[in-house]
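Final position of the sequence shown in my numbering is 476; the numbers increase by one with none missing. Beta carbons are placed, not taken as given, at the ideal position from N, Cα and C, and that holds for glycine. This structure is a prediction, so every number in the text was calculated from the model and none was measured. What follows is a single structure, written as structure tokens, with notes after it.
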Amino acid sequence: MEKKMKKHKVIFRILLIVICCMCFTVTGYARAGGGGSSGGSGGGSGSSSGSGSHSQYYGQGGRRGGPVEMIIWWGTFICMAGAGTIVFHYGIQKAKRKSLRSMKSFEKPGEEWNPKKMKKYVKHAYFVIQECWRRQDTSYAEKYLSKNLIQNWNSKLGWMEVNHEKPVQERVRFLNAAPVFAFDKEGEEHDRVIYLIHGRMIGYYINIDTGEVVRGKTSPETFYEYWVFIREDGRWVLDEIRQKDEVDVKRL
């Protein structure tokens, strides 16, 4: 009996580690922009949730839960995670349909709103912008970046240089891009379109003196990001990158 309980305890600890890994967001992204700053707070809430579940599993007075309780708890977690994914993709599809209708209605001479051409442009911009971050040189993608974003990124890249850090990107892939918001007004200063970018890459940072990995992962990661494009000097440029957990498409 005691061996059984020890085995269940080991299994539970392994599951808890897996859950924590899923909940925590890595802040060392080597993709363009370096990832969102909100990842730390998201990870914090995930950690609290995991701790709460841990205490409930053992119960009051240190009582251990049996295998049935563990299976129920794990099954509930999987169902909740699956439901969250379904809700996310449903919201994206709804926002995409609305945005495509808007973009088609905005089409006019001198302003590029054609959905097919825009997606092609976004895909091309994605690779150029990722490369500019890898090179630590915003001038490489200056045609695709807003003035404000160039200034912001130059500050970030400057700190990386001071810290002797260099981003490494491998197997950079563009999986998809879906418009989730589009706005057009007289003139170009208010024009805005937001794309949900789905990409994949290996991204991490190394110390340029030692070659040691200091941040990020050396294994492939799939990610979602919201890329905000505005019109500046007659062309579409990237103005901001927001992480998946930073945007509620229902409020756009």
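For the alpha helix (DSSP H) holding residue i, just list the boundary residues, first then last.
i           : result
residue 385 : 371-386
residue 339 : 339-359
Assuming residue i is part of the beta strand (DSSP E), what are its boundary residues?
i           : result
residue 451 : 445-456
Is the beta carbon of residue i sitting closer than 9 Å to the one on residue j?
i           : j           : result
residue 466 : residue 425 : no
residue 427 : residue 254 : yes
residue 417 : residue 429 : no
residue 463 : residue 470 : no
residue 335 : residue 408 : yes
residue 423 : residue 447 : yes
residue 405 : residue 323 : yes
residue 385 : residue 360 : yes
residue 358 : residue 392 : yes
Does the beta carbon of residue i fall short of 8 Å from some heavy atom of the ligand ADP?
i           : result
residue 313 : For the ligand ADP, the structure offers nothing, since it holds no ligand at all.
Near residue i, which residues of its chain fall below 6 Å by C-beta distance, leaving aside the five closest residues on each side in sequence?
i           : result
residue 419 : 346, 401, 403, 451
residue 432 : 388, 390
residue 436 : none
Name the one or two DSSP bridge partners that residue i has.
i           : result
residue 461 : 454
residue 521 : The structure shown does not extend to residue 521, since the chain spans only 225 to 476, so no value can be given for it.
residue 466 : 450
residue 405 : 418
residue 331 : None, per the DSSP bridge assignment.
residue 389 : 431
Quick one: residues in its chain with C-beta nearer than 8 Å to the C-beta of residue i, no 5 flanking neighbours on either side, listed in chain order?
i           : result
residue 364 : 352, 355, 356
residue 276 : Interpretation of residue 276 is limited by its pLDDT of 41, a score under 50 that renders its predicted location unreliable; no figure is taken from the coordinates.
residue 372 : 463
residue 444 : 395, 424, 425, 426
residue 268 : With a pLDDT of 35 at residue 268, under the threshold of 50, the modelled position of this residue cannot be trusted, and the question is left open.
residue 476 : 319, 404, 405, 418
Please go through the same chain and pick out, in chain order, the residues whose beta-carbon is closer than 7 Å to the beta-carbon of residue i, but skip the five residues on each side of it.
i           : result
residue 454 : 370, 415, 416, 461, 463
residue 258 : 380
residue 305 : Unreliable positioning characterises residue 305 in this predicted model, as indicated by a pLDDT of 49, which lies under 50. The coordinate reading is nonetheless provided below. Nothing meets the Cβ criterion.
residue 338 : 331
residue 474 : 315
residue 442 : 426, 428
Can you list, in chain order, the stretches of the beta strand (DSSP E) that have 3 or more residues and sit fully within the segment 408-442? 416-431, 437-440
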